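Throughout, the working numbering is defined as the position within the sequence shown, counted from one, plus 1. In this text, a Cβ means the ideal position worked out from N, Cα and C, and glycines have one as well. Fair warning: this is a prediction, and the values are worked out from it, not measured in the lab. Okay, structure first, notes after.
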Amino acid sequence: MEPKDTTLNEAFKGFTNRECPFLPCHPGVKREFNCLFCYCPLIAYECPGPYETYTDRNGLVRKDCSACTLPHDGYLQSWNFIQKWLEFPQPWSGQPQTDPPTPRPNPVEGAAEAAAEAHRRHREG
Numbered sequence: 002m003e004p005k006d007t008t009l010n011e012a013f014k015g016f017t018n019r020e021c022p023f024l025p026c027h028p029g030v031k032r033e034f035n036c037l038f039c040y041c042p043l044i045a046y047e048c049p050g051p052y053e054t055y056t057d058r059n060g061l062v063r064k065d066c067s068a069c070t071l072p073h074d075g076y077l078q079s080w081n082f083i084q085k086w087l088e089f090p091q092p093w094s095g096q097p098q099t100d101p102p103t104p105r106p107n108p109v110e111g112a113a114e115a116a117a118e119a120h121r122r123h124r125e126g
């Protein structure tokens, strides 16, 4: 299997589950609907997507991201969006969405190089 950063086949970046009974679950998506991030990996992190907060029955504040289309709007676009925000994830503060939304965090000096080196060592086993 080819590493994802060297293959020319980008099929792993998205798919549409046309059999899903909830499709379309997020209205307003204009490009191909990406179901890959049905459960968004940014749920526990700060992100620019529109969300509301609510308190669950256990008293925990949670995000309601049902108005967000960012992880679903186009295979390549949503893949790149998620990858950029997971590059330097910041834990969600538990606070309501800010206006303007949270900006993408800047990496700490040298963090990108250290992450790339760790990734390289991991791939080499």
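Nonlocal neighbours in the same chain, by C-beta distance under 7 Å from residue i, ignoring five residues either side
i: Arg32; result: Asp74, Gly75 and Gln78
i: Val62; result: Thr54, Thr56 and Gly95
i: Gln98; result: Pro51 and Tyr52
Environment of residue i [buried if 16+ CB atoms lie within 10 Å]
i: Thr70; result: buried
i: Glu88; result: exposed
i: Cys39; result: exposed
i: Phe16; result: exposed
Beta-carbon proximity check, residue i vs residue j, cutoff 9 Å
i: Glu47; j: Thr103; result: yes
i: Trp80; j: Lys14; result: yes
i: Gly50; j: Cys41; result: yes
Neighbourhood of residue i by C-beta distance below 8 Å, restricted to the same chain and skipping five residues each side
i: Asp65; result: Tyr52, Glu53, Thr54 and Tyr55
i: Asn107; result: Phe89
i: Arg105; result: Pro49, Lys85, Trp86 and Phe89
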